[in-house]
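Engineer:
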Amino acid sequence: MPDDAGPACALQGTPLAAALPGINACVHCGFCLQACPTYLALEDENESPRGRIFLMRSLLEGTVTPNDESVRTHIDRCLGCRACETACPSGVPYGQLLEATRATLREAELPPAAARIILWVFSHPALMRIAMFASRLLAATPIPTIMSKISGRAGFGMAMLASAGSPLERDAYFCEGDGKRGTSSVLLGCVMEGLFTETNRATERVLTKNGYQILDAPGQGCCGALHAHAGDLETARKLARVNIAAFERSPADFISVNAAGCGAMMREYEHLLKDDADWRDRAAAVASRVRDVSELLSAAGPIPGGRMPLRVTYDAPCHLVHAQRITLPPLAVLAAIPGLELIPLRDSENCCGSAGIYNLIEPETSDAVLAPKLENIAETGASFVATGNPGCLMQIGAGLLRSGSRARAIHPVDLLDASYAMQQQ
Amino acid sequence: MSNVALAEKLAVIVGDRFVLQRDGDLLVYNSDGLPGYRRKPRLAVFPGSREETVAVVRALADAGAAFVPRGAGTGLSGGALADDVVLLGLHRLKRVMSIDQENLRAVVEPGVVNLVLNKTIAPLGLLYAPDPSSEAACTIGGNLAENAGGPHCLKYGVTLNHILAITALLPNGEIMSLGNPEGEIDGYDLRGAFIGSEGCFGVALDATVRLTKKPVAVRTMLADFTSVDSAAHVTSAIIASGIIPAALEFMDEATIKVVESSVYAAGYPSDAAAVLLIEVDGNEAGVSADRDAIEKICLDGGARAVKVARTEAERGRLWQGRKKAFGAMGRMAPHLVVQDAVIPRTKLAPVLRRIAEIAAANRVTVCNVFHAGDGNLHPNIPYNADDPDESERVHRSMGEIMHACVDAGGSITGEHGVGLDKIGYIDLIFSAESLRAMCRLREVFDPDHRSNPGKVVPIHACQEWRATPAGRKSPASELVAVSAESQGV
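Taken in order, these protein sequences are the chains called X and D. Take 1 as the starting number for the first sequence in the numbering used here and just add one per residue. Take 1001 as the starting number for the second sequence in the numbering used here and just add one per residue.
1) Taking the Cβ atom as the reference point for each residue, do Arg307 of chain X and Pro338 of chain X lie within a distance shorter than 8 Å?
2) The alpha helix (DSSP H) that contains Ser184 of chain X, what's its start and end?
3) Is Ser294 of chain X close to chain D? Criterion is C-beta to C-beta, closer than 8 Å.
4) Could you check if Thr1208 of chain D is buried or exposed, using at least 16 other CB atoms within 10 Å of its CB as the buried criterion?
5) Would Thr1220 of chain D count as contacting chain X if we go by Cβ distances under 8 Å?
6) Starting from Asp1023 of chain D, trace the alpha helix (DSSP H) in both directions and tell me its first and last residue.
7) Given a threshold of 16 other Cβ atoms within 10 Å of its Cβ, counted over all protein chains shown, does Ala264 of chain X qualify as buried or as exposed?
8) Counting only Cβ pairs nearer than 7 Å, list the residues of chain X close to Lys1324 of chain D.
9) Would you check if the distance between the CB atom of Arg282 of chain X and the CB atom of Glu234 of chain X is smaller than 8 Å?
10) Pull out every residue of the stretch 1033-1060 of chain D whose Cβ sits closer than 8 Å to any Cβ of chain X, in chain order.
11) Please state whether the Cβ-Cβ distance between Ile1121 of chain D and Leu1127 of chain D is less than 8 Å.
12) Grab me the residues of Gly22 of chain X's own chain with a C-beta within less than 7 Å of its C-beta, minus the 5 sequence neighbours each way, in chain order.
13) Short check: CB of Val385 of chain X to CB of Asp315 of chain X, under 8 Å?
14) Along chain D, in chain order, which residues have C-beta atoms closer than 7 Å to that of Ser70 of chain X?
15) Closer than 8 Å, Cβ to any Cβ of chain D: which residues of the stretch 51-62 of chain X, in chain order?
16) Hey, Ala1341 of chain D and Tyr1383 of chain D: beta-carbon distance below 8 Å or not?
17) Using a cut-off of 9 Å between C-beta atoms, extract the partners of Gly1330 of chain D located in chain B.
18) So which of D:Glu1284, D:Ser1230, D:Glu1279, D:Val1068 has the shortest CA-CA distance to Gly1202 of chain D?
19) Tell me whether Ile130 of chain X counts as near the ligand NAD, meaning its Cβ is closer than 7 Å to at least one heavy atom of that ligand.
20) How far does the alpha helix (DSSP H) with Thr313 of chain X in it extend, from its first residue to its last?
21) Looking only at C-alpha atoms, which of D:Pro1269, D:Leu1248, D:Ile1243 sits nearest to Ala1532 of chain D?
22) Does chain D have any CB closer than 8 Å to the CB of Gln34 of chain X?
23) For Ile53 of chain X, list the residues DSSP reports as bridge partners.
24) Is the shortest distance between the beta-carbon of Val67 of chain X and the beta-carbons of chain D less than 8 Å?
25) Helix, strand or coil for Gly1488 of chain D, going by three-state DSSP, please let me know.
26) Going by DSSP, name the residue or residues bridged to Thr1139 of chain D.
27) Go to Val1338 of chain D, then tell me how far its beta strand (DSSP E) extends in each direction, as first and last residue.
28) Between which two residues does the beta strand (DSSP E) containing His1416 of chain D stretch?
29) For Ser1262 of chain D, which residues in chain X fall below 9 Å Cβ to Cβ?
30) Quick check on Leu1336 of chain D - is its C-beta less than 8 Å from some C-beta in chain X?
31) Any chance the stretch 1064-1082 of chain D sits against the stretch 1031-1042 of chain D, with 3 or more Cβ pairs inside 8 Å?
32) Following the continuous beta strand (DSSP E) through Gln213 of chain X, name the residue where it begins and the one where it ends.
33) Using a Cβ-Cβ cutoff of 8 Å, what residues of the stretch 1098-1128 of chain D are near chain X? List them in chain order.
34) Looking at C-beta atoms only, is the number of pairs between the stretch 1434-1441 of chain D and the stretch 1350-1359 of chain D that lie closer than 8 Å three or more?
35) Look at the alpha carbon of Asp1300 of chain D and the alpha carbon of Val1275 of chain D, and state the distance between them as a whole number of angstroms.
36) Look at the Cβ atom of Leu1043 of chain D, then the Cβ atom of Ala1007 of chain D, and state whether they are nearer than 8 Å.
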């Protein structure tokens, strides 16, 4: 007869204790193992969803403590890609469990200084603007490209910067639409507006052309995803409230998001603020208006553009495919470009290793996860890798640059925008 | 040898990162696919190559240390639990070493995941037939150790029929070839003995597996019934008609509901008392005729409707729902017992009725999802283990169900193995004499009982045998003597 473990009653009152029902949904079947990038790269079940959930359960059973080195290492090494969620028959809300665990561990010991500094900057709009301004200045020089080949994180960071922005030059074109598909505000985001400014403008143009009237939503800021993933739920909630208030002021039907990670976060605002009676319903109302830009575009067709004979492959951002379960709309966007040849990417739904700031904090594992992605991209022979998330764009872009590949990472919206520009010539 | 000294010795072979000895690192390895059981290994070691595996097993032999081989840890009988012995994880040995398209075979390492092998050979129009529901995670080595089954084993046979040869590493570090790639058996079929030995005879360094041509035509049908009895009778009637479907699977109402609420929702009718998922394959003319015949048997037997998958995607969904059903049961309660038993197919209806009675009497919910075509039952019970009363009722039900299956002329395991979970039931089906014979066979491969100790055959059975004067003779020498005689030496 089985010797079932004792009840889970340690760490009462922590976010982890509140997450117990989600932990209990795991029956340990192991169907998540092959979906987990860190398990495949590191070959130890502690680096798998099933292993990490076992550790979470053990924390609640009191068999390990939040200071335990093993626990911290394995929880830290999770990318948070949530590929296990689309593999899990039992519906374990892994992303929420991970955030609750990190929040609980954080109470025992703070994360590394590098992570804290980055998150601190992200939570202060003025600092963020300075950081992004400095990054743009640097990105405009040849320095990042030159330094991108040096080994280590500094070189990788430079390669990321060199890959920021759209790699496709296009002429300005006159853009008008009938606005009959409704109104939309756009989440500008921090990294998107800072380093992918042109992609944000392209987003506004392609939405307009496809029948959405764009409405400003002043006062918006960082979505809080990076903080939530790191377990700093308090800061995440603070940032969420700012955004909720800003988007409540916009009468737009939709809130269009072109960064998969931010879209996933905003759709979960209700869960983030579930214990805040004043904000929970407001969060739910804003979350229900959130759409990935590809969803709005595919609902409208989208309208075909001018011919662009390019070989393109598509890499699905984890927070689009696994967190938001959006698979086909980005392909519809690419299909609206005549002449574009879409080459399937093997394991397109596997993580690239970017995972927010993971590639800066856990470089070795990030590199190990990126390596098969680069091999699979090389196999396609494509000249562009389309993917709709700034982290993935810079991670894959940096990987391509450093491996000497001539392929470039690009947002699908930039391809569609260039195709529209081409049409008007 | 002390734990620390042994760990150091092993780390020299596999590297520090692949020897685990901290409590926190070993926690997840306390369980396999049946987390109701927990056993703490003294340490865990994960060799990354064939050479490392041989060196590790030899080092363990030198140290006299017992070990438990483990693949992906998806087993459902507690077979991969290491109780204060070394856990030997073989999941890093994941190379498909060669594919011989002409002779329809491949050589694979034990850590190759079943579905990864199938994905690798699919572009060649080939498949590896045994398809346990855990195919997305479980390894060929684990399949070999458990003689794993799966839905399609009804027509194609179990793992035993698809492993032609094994390079076995015995617990003493000796390497042995069992069987041969041509499929001819010379002398005793030691390959047959090794397959299904649940890790008690040693580990496989590689296996030569049989590949099967993908059938030209496939029809996948979903027959829906308003009574469990009708579904059970139809199952028997289909086989009695002379048709051997590629697969014939049963799911009851509770299972259908839980699958339909998961990401693997397959479109099963949630108001049905039971569904049968039936697949026939072969050439186009044959499957069309079989499909018509099966549809008629189903409708005559009381099916409300028989739906046929029209596209490969639809077929895939019907199968995914079935294969992920057990995992989906986590939605119903925090804990789950998964059971495995076999009964004569003709007894399906009365045994399912008996199971329903047992469940009602003990106030538990049984979810039936199983390989009906070969009478391989899987009654699963979701429950809350923190409630001692409920826990008691669940485990009592399981015992009663096992007895009901044995009374119906069945056996205590169809495909999950005995491991730790079924060891208490083994006396129901084997005499003391049979168990002693099993002990003797085991000792041919592992005289010191160092490989997966305490599993399959209860220790008392072997101890009794050892206590008899005849038993003290070396069992291996007895068998060798017989073998030499038979060859006229």
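Beta carbons: idealized from backbone N, C-alpha and C, even for Gly. Remember, predicted model here, so these are calculated numbers, not experimental data.
Structural biologist: Answer, in terms of the structure:
1) Yes, the Cβ-Cβ distance between Arg307 of chain X and Pro338 of chain X is below 8 Å.
2) From DSSP, Ser184 of chain X is part of no alpha helix (DSSP H) but of the beta strand (DSSP E) over 182-186.
3) Cβ-Cβ to chain D under 8 Å: no for Ser294 of chain X.
4) Buried: at least 16 other Cβ atoms inside 10 Å.
5) Taking a beta-carbon distance threshold of 8 Å, Thr1220 of chain D does not count as an interface residue toward chain X.
6) 1023-1026 is the extent of the alpha helix (DSSP H) around Asp1023 of chain D.
7) With 16 or more Cβ atoms within 10 Å of its Cβ, Ala264 of chain X is classed as buried.
8) Residues of chain X with a Cβ closer than 7 Å to the Cβ of Lys1324 of chain D are, in chain order, Phe31, Pro89.
9) In this structure, Glu234 of chain X does not lie closer than 8 Å to Arg282 of chain X by Cβ.
10) For the stretch 1033-1060 of chain D, which is checked against every Cβ of chain X, the residues closer than 8 Å are Gly1033, Leu1034, Pro1035, Gly1036, Tyr1037, Arg1038, Phe1046, Gly1048.
11) In this structure, Leu1127 of chain D lies closer than 8 Å to Ile1121 of chain D by Cβ.
12) So the qualifying residues of the chain are Val92, Pro93, Gln96, Leu97.
13) Yes.
14) The answer, in chain order, is Arg1022, Gly1024, Asp1025.
15) When CB distances to chain D are screened at a threshold of 8 Å, the residues of the stretch 51-62 of chain X falling below it are Gly51, Phe54, Leu55, Ser58, in chain order.
16) Not closer than 8 Å, so no.
17) Going by chain labels, chain B is absent from the structure shown, which instead holds the protein chains X and D.
18) Closest by alpha carbon: D:Val1068.
19) The model on display carries no ligand, and the ligand NAD is accordingly not part of it.
20) First-last for Thr313 of chain X: 311-314, but that is the beta strand (DSSP E), not the alpha helix (DSSP H).
21) Residue coverage of chain D in this structure runs from 1001 to 1489, which leaves residue 1532 of chain D outside it and unanswerable.
22) Answer yes: the Cβ-Cβ gap between Gln34 of chain X and chain D drops below 8 Å somewhere.
23) The partner list for Ile53 of chain X (beta bridge, DSSP) is empty, contrary to what the question assumes.
24) The sequence as given places Asn at residue 67 of chain X; Val does not occur at that position. Interface annotation, Asn67 of chain X: not in contact with chain D, CB-CB separation never under 8 Å.
25) With a pLDDT of 35 at Gly1488 of chain D, under the threshold of 50, the modelled position of that residue is not reliable, and the figure given next carries that caveat. Gly1488 of chain D sits in coil when the DSSP states are folded into three classes, being neither helix nor strand.
26) Its beta-bridge partners are D:Val1113.
27) First-last of the beta strand (DSSP E) with Val1338 of chain D: 1335-1338.
28) Here His1416 of chain D belongs to no beta strand (DSSP E), and DSSP marks it neither H nor E.
29) Close partners of Ser1262 of chain D in chain X (Cβ separation under 9 Å): Cys88, Pro89, Ser90, Gly91.
30) Among the residues facing chain X, Leu1336 of chain D is included, as its CB has a counterpart in that chain under 8 Å away.
31) The answer is yes - the stretch 1031-1042 of chain D touches the stretch 1064-1082 of chain D, with three or more Cβ pairs under 8 Å.
32) Where Gln213 of chain X is concerned, the enclosing beta strand (DSSP E) stretches over 212-214.
33) The stretch 1098-1128 of chain D vs chain X, Cβ under 8 Å: Val1113, Leu1115, Val1116.
34) In short, these stretches do not touch, since the Cβ pair count stays below three.
35) Cα to Cα, Asp1300 of chain D sits roughly 15 Å from Val1275 of chain D.
36) Taking 8 Å as the cut-off, the Cβ atoms of Leu1043 of chain D and Ala1007 of chain D count as close.
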